[in-house]
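Under the numbering used here, the first residue of the sequence shown is numbered 2, with each subsequent residue one higher.
C-beta: ideal position from N, C-alpha, C; glycine also.
Here the structure is a predicted model, which is why all the values come from computation and not from measurement.
So the structure is just underneath, and the comments pick up after that.
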Amino acid sequence: MGYKVVVAGATGNVGREMLNILAEREFPVDEIAALASRRSLGTEVSFGDKTVKTKDIEGFDFTGWDIALFAIGSEATKKYAPIAASQGCVVIDNSSLYRYDPEIPLVVPEVNPEAVEQYKKKMIIANPNCSTAQMVVALKPLHDRARIKRVVVSTYQSVSGAGKEGIDELWDQTKGMYVPGQEVAPKKFSKQIAFNVIPHIDVFMEDGQTKEEWKMVAETKKILDKTIKVTATCVRVPVFVGHSEAVNIEFEDFLDEDEARDILREAPGVMVVDKRENGGYVTPVECVGDYATFVSRIRQDGTIENGLNLWCVSDNLRKGAALNAVQIAETLGNRCLKKG
Ligand SMILES: NC(=O)c1ccc[n+]([C@@H]2O[C@H](COP(=O)([O-])OP(=O)(O)OC[C@H]3O[C@@H](n4cnc5c(N)ncnc54)[C@H](OP(=O)(O)O)[C@@H]3O)[C@@H](O)[C@H]2O)c1
């Protein structure tokens, strides 16, 4: 016996990946519903070897459905997640709307799986920001060994993190660079993204950080350890899929780079590719479609007492969103919503 599962945002980048991953991982689905806005009514989406017609989320009755995986943005989530939850369906949400609510668990199953058990308070579980998810998977095993004091991270985030419109803008701008008269002005991004990088993701906050940077700080504390200090610079780069991060870590205790490499090799969700030779590291195009958080370039930082540098890459639509959401559903099923 399996679950009745809803995927809301089924026509989007994350929604389509959630359908793929539910099928790939053989999540026990008895019945699936694909929802999106009225614009997409009847649009066909793939679920394994089946095709499912998308329904309008407006008016959908969640009664009797076990789990709803949401990827429809904060505004629509604010309207529909409480409806699903009040009708007895557990929502696993990809938007940032509920991540900082103390009554809603924020979960990365490799790091804090036990937190799913708090779902009962509001029938909602939050999925973290894409950049945070991959980073905490790499940080957790190192923190367990040597206690992290501070993290300095710079991100190189792909355009798919900004949804379908982000992908289209990079593609159209790139083509437009070569065809006179077909130049495409920035719309989704604040400046040209083709052949450029933009140190600005999400809105600016009063202290000069962007909201994306603030999210990495707040979410790392909530998921991993509230005592860890984090400072981030988040940058959009002209890559379609796959976020990269240069991470500098300061520990309480000394951690040798070889031991760090061995720890990461054994860590759940991590794949170490770290040869000190040409190509002996992972780049974003190589991580697309994979589940792992890839870690490369592990090396001592001799400028501080207990410092380590590493390079961390993952598919933002998978570990950064859809895969993590499905892993939360699996954890919820194993710990709380057992069937059969
Ligand atoms: N992309 C990432 O790396 C990433 C990572 C972590 C979290 N997220 C979060 O995941 C969510 C979706 O992101 P995405 O990249 O998949 O965006 P996307 O490709 O632009 O897709 C958006 C989806 O939401 C649906 N939608 C939008 N407004 C709606 C409404 N009022 N009612 C019902 N459905 C509506 C769209 O349906 P229509 O096709 O009918 O418009 C579409 O299915 C966002 O909250 C985003 O912040 C994304």
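Checking the sheet assignment: what are the DSSP bridge partners for residue i?
| i | result |
| --- | --- |
| M272 | F295 |
| N249 | V153 and N310 |
| I125 | V92 |
| D57 | A37 |
| F231 | Per the sequence presented here, residue 231 reads as Val, with Phe not at that position. Answer by DSSP bridge pairing, in chain order: V152. |
| S47 | T52 |
| T211 | F205 |
| K244 | The sequence shown places His at residue 244, rather than the Lys named in the question. According to DSSP, H244 bridges with S315. |
| L98 | Answer is none; L98 lacks a bridge partner. |
| D302 | G308 |
For residue i and residue j, I'd like the C-alpha separation in whole angstroms.
| i | j | result |
| --- | --- | --- |
| R146 | G280 | 29 Å |
| S97 | Q193 | 26 Å |
| V108 | N128 | 6 Å |
| I299 | K227 | 25 Å |
| N130 | K122 | 22 Å |
| D259 | Q210 | 34 Å |
| G60 | A72 | 17 Å |
| D169 | D257 | 44 Å |
| Q328 | P110 | 6 Å |
| V286 | A69 | 30 Å |
| G65 | S159 | 37 Å |
| E27 | N335 | 14 Å |
| Y282 | S75 | 35 Å |
| L4 | M178 | The sequence as given places Tyr at residue 4; Leu does not occur at that position. Each residue's Cα considered, the two are about 48 Å apart. |
| K340 | Q135 | 30 Å |
| A326 | E220 | 16 Å |
| E25 | V273 | 23 Å |
| E331 | E207 | 39 Å |
| K230 | H244 | 22 Å |
| S191 | T133 | 23 Å |
| L20 | E246 | 27 Å |
| Y292 | K223 | 23 Å |
Please go through the same chain and pick out, in chain order, the residues whose beta-carbon is closer than 6 Å to the beta-carbon of residue i, but skip the five residues on each side of it.
| i | result |
| --- | --- |
| F63 | A85, Q88 and C90 |
| P142 | I264 and A268 |
| F255 | N307 |
| E253 | R148 and K150 |
| A35 | V8, A11, V46, V53 and T55 |
| P187 | Q193 |
Spatial neighbours of residue i within its chain, please: CB distance less than 7 Å, with the 5 preceding and 5 following residues excluded, ordered by chain position.
| i | result |
| --- | --- |
| T12 | A37, S41, T44, V46 and T55 |
| Y99 | I105, I125 and A127 |
| G10 | G16, A37, F71, A72 and I73 |
| D302 | N249, G308, L309 and N310 |
| K189 | A163, E166, G167 and E170 |
| V30 | G3, Y4, V6 and L23 |
| A261 | L143, I299 and L309 |
| E32 | K5 |
How far does the beta strand (DSSP E) with residue i in it reach, from first residue to last?
| i | result |
| --- | --- |
| W312 | G308 to S315 |
| I264 | No beta strand (DSSP E) holds I264; the alpha helix (DSSP H) holding it covers E258 to E267. |
| L70 | I68 to F71 |
Between which two residues does the alpha helix (DSSP H) holding residue i run?
| i | result |
| --- | --- |
| L36 | Element bounds for L36: not the alpha helix (DSSP H) but the beta strand (DSSP E), V30 to A37. |
| S87 | G74 to S87 |
| I22 | N14 to E25 |
| A330 | L324 to R336 |
| A7 | According to the sequence displayed, residue 7 carries Val and not Ala. Where V7 is concerned, there is no enclosing alpha helix (DSSP H), although the beta strand (DSSP E) it sits in stretches over Y4 to A9. |
| L171 | G164 to G177 |
| D145 | C131 to A147 |
| P285 | P285 to C288 |
If you drop the 5 nearest sequence neighbours on each side, which residues of the same chain put their C-beta closer than 8 Å to that of residue i?
| i | result |
| --- | --- |
| A139 | V248, L265, A268, V271, T294, V296, L311 and C313 |
| E18 | L318, R319, A322, A323 and L324 |
| G290 | D316 and R319 |
| L338 | Y4, D67, I68 and V91 |
| D173 | V185 |
| P239 | V160, L171, T175, I194, A195, F196, N197 and V198 |
| L333 | I68, V91, I93, V117, Y120 and I126 |
Using a beta-carbon distance below 9 Å, is residue i in contact with chain B?
| i | result |
| --- | --- |
| N128 | No chain B appears in this structure, which consists of one protein chain only. |
Inset, instruction - Report yes or no: do three or more beta-carbon pairs, one from the region 113 to 127 and one from the region 233 to 249, lie closer than 8 Å? - result: no
Inset, instruction - Evaluate contact between the region 268 to 278 and the region 191 to 206, counting only Cβ atoms and requiring at least three cross-stretch pairs below 8 Å. - result: no
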